[in-house]
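Asks: Please find one structure pasted underneath; my questions will follow.
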Amino acid sequence: MRITRRALLLAAVFSLLTGGVLYPARADEQPPDLSMPVYHNLEGGKNYHGDQNCGAVRKRYLPLSALALADLYVAPYDALTPCPHCSPPRKPYAVFGNGPEIGEGNQSAQFPHTLTLSAECAVLYDLSNGRILYEKNALQRCAPASLTKLLAVLTAYANGGENIRYTVGSEIDLIGSNSSIAFLRKKNVLSFHAIVDAVLLPSGNDAAYTLAVNVARHVDGKKLSDEEALQVFANLMNETAEALCCKDSHFATVDGYPSSAHYSTAYDMLRISIAAANAPVIAKSVAKSRAYHVLISKREVVWETTNLLLKKDSGYYYQYAIGLKTGSTGEAYHLAASAEKDGTSLVAIVLNADSDGRRFQDAVTLFEYGFGR
136 MRITRRALLL AAVFSLLTGG VLYPARADEQ PPDLSMPVYH NLEGGKNYHG
186 DQNCGAVRKR YLPLSALALA DLYVAPYDAL TPCPHCSPPR KPYAVFGNGP
236 EIGEGNQSAQ FPHTLTLSAE CAVLYDLSNG RILYEKNALQ RCAPASLTKL
286 LAVLTAYANG GENIRYTVGS EIDLIGSNSS IAFLRKKNVL SFHAIVDAVL
336 LPSGNDAAYT LAVNVARHVD GKKLSDEEAL QVFANLMNET AEALCCKDSH
386 FATVDGYPSS AHYSTAYDML RISIAAANAP VIAKSVAKSR AYHVLISKRE
436 VVWETTNLLL KKDSGYYYQY AIGLKTGSTG EAYHLAASAE KDGTSLVAIV
486 LNADSDGRRF QDAVTLFEYG FGR
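The numbering of the sequence shown is my numbering, which starts it at 136 and goes up by one.
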């Protein structure tokens, strides 16, 4: 049987993102036999329980237990279709189910309408209990800007990125005007840990391009041009997003530079952010306020985070903050943020805030609400 590159990617995502059990359907149902497979079809959105006698075709079905993503992954209720050869399927917990979506119908009544946010879209998630605590326009498409880089490093990680030496080349000449950069120089050679810090702390578009072309050439096994390698990596990013069960996102650029074909939602950025928080090398990176490296090519570098919640002298420092990443389009300001207090871990997504400072204030407002419940 031929093993496809896509299958290898998904296997890698599974290996780095293991999680909890996605049952039960009914309160009176016995816990399932975890040795039995449960399947999810990424193409058709159909879920079947893993009856060993099931004769249904399982084209590209994947184990749900592997897709749990630390209890993040959930299949939509309206995607559940009974297997014609088996008894009715169990329903996974619908943390992000769209039947109805959080915020639709009378479910929105559970959220406070007194939170004052400048952000056009927002969502607050309790990692400790697997619950959405607050949402605002969480299904609305937005340009994710540099929040995209969380998916970029996840994609590199899922494609063997830890085993690559990252050589800076002519790809850095292709970054867009007014890009944030990590000040990489051609012929610099970086380890995976260093390139991740270069992408995530100063939000370096140059570092994102170097990450992308090196991973693409590693995966493809061909001598790709810079442009070809960037496209291959963008395709890999979309495959990773699909494996993370993002529902309304498409990624056309590796650094989040604006494009009409580049969009996401607060819910999908939450999925990506939680996956990043559960990948140890990424979680360690986004928790830093400052990073010092001696590159493989012997150059010494220092990068500082753009996440002011982590910087004590910023005026926006939040003592419980532990990550993640900023993004901005020039007209709107984004933040994926995580915080931990007294055993409770929260993730907040803030999109389209009206100023640099307000995105941090919005995140603190969400965290204070979440910790105060």
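Glycine included, every Cβ here is placed at the ideal spot set by N, Cα and C. All values reported here derive from a predicted model rather than from experimental measurement.
Taking the alpha carbon of residue 312 as the point to measure from, which residue in 377, 479, 484 and 340 has its own alpha carbon closest?
Replies: Cα-wise, what sits closest to residue 312 is 340.
Asks: Quick one, which of 385, 347, 326 and 411 has its alpha-carbon nearest residue 309's?
Replies: Measuring from the Cα of residue 309, the nearest candidate turns out to be 347.
Asks: Residue 469 and residue 461 look like a contact to me (Cβ under 8 Å); what is the Cβ gap, rounded to whole Å?
Replies: Right, the Cβ-Cβ distance comes to about 7 Å (below 8 Å), so this counts as a contact.
Asks: Which residue's Cα is closest to the Cα of residue 252: 487, 507, 508 and 506?
Replies: Comparing Cα positions, the closest option is 487.
Asks: Would the C-beta of residue 406 count as close to the ligand ZN, meaning under 7 Å from any of its heavy atoms?
Replies: As far as ligands go, the structure on display features none, and thus does not contain the ligand ZN.
Asks: Quick check: what's the CA-CA separation for residue 272 versus residue 256?
Replies: Using only the alpha carbons, I get a separation of about 5 Å.
Asks: Relative to the alpha-carbon of residue 483, which residue among 477, 496, 449 and 425 has its alpha-carbon at the smallest distance?
Replies: Looking at the Cα atoms, 496 is the closest of the given residues.
Asks: Would you mind working out which of 467, 294 and 459 sits nearest residue 374, comparing C-alpha positions?
Replies: Of the listed residues, the one whose Cα sits closest to residue 374 is 294.
Asks: Is it buried or exposed for residue 349, if we count other Cβ within 10 angstroms and need 16 for buried?
Replies: Classification of residue 349: buried, given that the 10 Å Cβ count is 16 or more.
Asks: Could you say which of 342, 503 and 433 lies nearest to residue 288 if we only look at CA atoms?
Replies: Among 342, 503 and 433, the Cα nearest to that of residue 288 is on 342.
Asks: Give the range of the beta strand (DSSP E) segment to which residue 459 is assigned.
Replies: Here the beta strand (DSSP E) through residue 459 covers 456-463.
Asks: Mind pulling the alpha helix (DSSP H) runs of 4 or more residues that sit fully within the stretch 344-417?
Replies: The qualifying runs are 361-378 and 401-412.
Asks: Would a C-beta distance cut-off of 8 Å place residue 377 and residue 344 closer than the cut-off?
Replies: No, Cβ-Cβ distance for residue 377 and residue 344 is not below 8 Å.
Asks: Is there contact here, the stretch 433-441 with the stretch 318-334, by at least three beta-carbon pairs under 8 Å?
Replies: They touch, by the three-pair rule.
Asks: Pop quiz: residue 420 and residue 324 are said to be a contact at Cβ under 8 Å. What is the actual Cβ separation, rounded to whole angstroms?
Replies: No, residue 420 and residue 324 are not in contact; Cβ-Cβ is about 19 Å, not under 8 Å.
Asks: I'd like to know whether the C-beta atoms of residue 254 and residue 485 end up nearer to each other than 8 Å.
Replies: Yes.
Asks: For residue 526 and residue 322, what's the separation of their Cα atoms in angstroms?
Replies: The question about residue 526 has no answer here: the residues shown for the chain are numbered 136 through 508.
Asks: Reducing DSSP to helix, strand and coil, say where residue 216 ends up.
Replies: Model confidence at residue 216 stands at a pLDDT of 32, short of 50, so the residue's coordinates are unreliable; what they give is reported in the following sentence. Coil, per DSSP.
Asks: Can you tell me where the alpha helix (DSSP H) holding residue 425 begins and where it ends?
Replies: Here residue 425 belongs to no alpha helix (DSSP H); instead the beta strand (DSSP E) covers 425-429.
Asks: Closer than 7 Å by C-beta to residue 352: which residues in its own chain qualify, once you throw out the five before and the five after it? Chain order, please.
Replies: These residues qualify, in order along the chain: 359 and 364.
Asks: If you drop the 5 nearest sequence neighbours on each side, which residues of the same chain put their C-beta closer than 6 Å to that of residue 453?
Replies: Only 444 and 499 meet the Cβ criterion.
Asks: Compute the Euclidean distance between the alpha carbons of residue 382 and residue 455, then round it to the nearest angstrom.
Replies: Rounded to whole angstroms, residue 382 to residue 455 spans 30 Å at the Cα level.
Asks: State the start and end residues of the unbroken alpha helix (DSSP H) segment that holds residue 479.
Replies: Residue 479 -> not in any alpha helix (DSSP H); beta strand (DSSP E) instead, spanning 479-488.
Asks: Quick one: residues in its chain with C-beta nearer than 7 Å to the C-beta of residue 334, no 5 flanking neighbours on either side, listed in chain order?
Replies: Same-chain partners within the cutoff: 284, 287, 288, 342, 343 and 346.
Asks: Beta-carbon within less than 6 Å of residue 463's beta-carbon, same chain only, minus the 5 sequence neighbours each way: which residues are those?
Replies: Answer for residue 463: 280, listed in chain order.
Asks: Please specify which runs of the alpha helix (DSSP H), each continuous and at least 4 residues long, are wholly inside the stretch 262-345, giving them in chain order.
Replies: If we require 4 residues or more, the alpha helix (DSSP H) runs fully inside the stretch 262-345 come out as 283-293 and 327-335.
Asks: Looking at residue 261 and residue 250, is the spacing between their C-beta atoms short of 8 Å?
Replies: The answer is no: Cβ separation not under 8 Å.
Asks: Give the DSSP-derived three-state secondary structure of residue 422 in the structure shown.
Replies: The answer is coil: DSSP assigns residue 422 none of H, G, I, E or B.
Asks: Have a look at 385, 362 and 401 and flag the residue whose alpha-carbon is nearest the alpha-carbon of residue 372.
Replies: Considering only alpha carbons, the answer is 385.
Asks: Ends of the beta strand (DSSP E) at residue 472?
Replies: Residue 472 -> beta strand (DSSP E) spans 468-476.
Asks: Under the DSSP definition of a beta bridge, which residues are partnered with residue 499?
Replies: Note: residue 499 sits in no beta bridge, so no partner.
Asks: If contacts are defined as beta-carbon pairs under 8 Å, then residue 412 and residue 282 qualify, I think. What distance do you get, rounded to the angstrom?
Replies: Incorrect: roughly 13 Å between the Cβ atoms, too far for contact.
Asks: Taking a contact to mean a Cβ-Cβ separation below 8 Å, would you say residue 258 touches residue 398 in this structure?
Replies: No, Cβ-Cβ distance for residue 258 and residue 398 is not below 8 Å.
Asks: Can you check whether the CB of residue 440 is closer than 8 Å to the CB of residue 336?
Replies: Yes, they are a contact pair.
Asks: Have a look at 504, 466 and 278 and flag the residue whose alpha-carbon is nearest the alpha-carbon of residue 390.
Replies: Nearest option by C-alpha distance: 278.
Asks: Looking only at its chain, what residues have a beta carbon closer than 6 Å to the beta carbon of residue 505, apart from the 5 residues adjacent to it on each side?
Replies: Result list for residue 505: 259, 268 and 481, in chain order.
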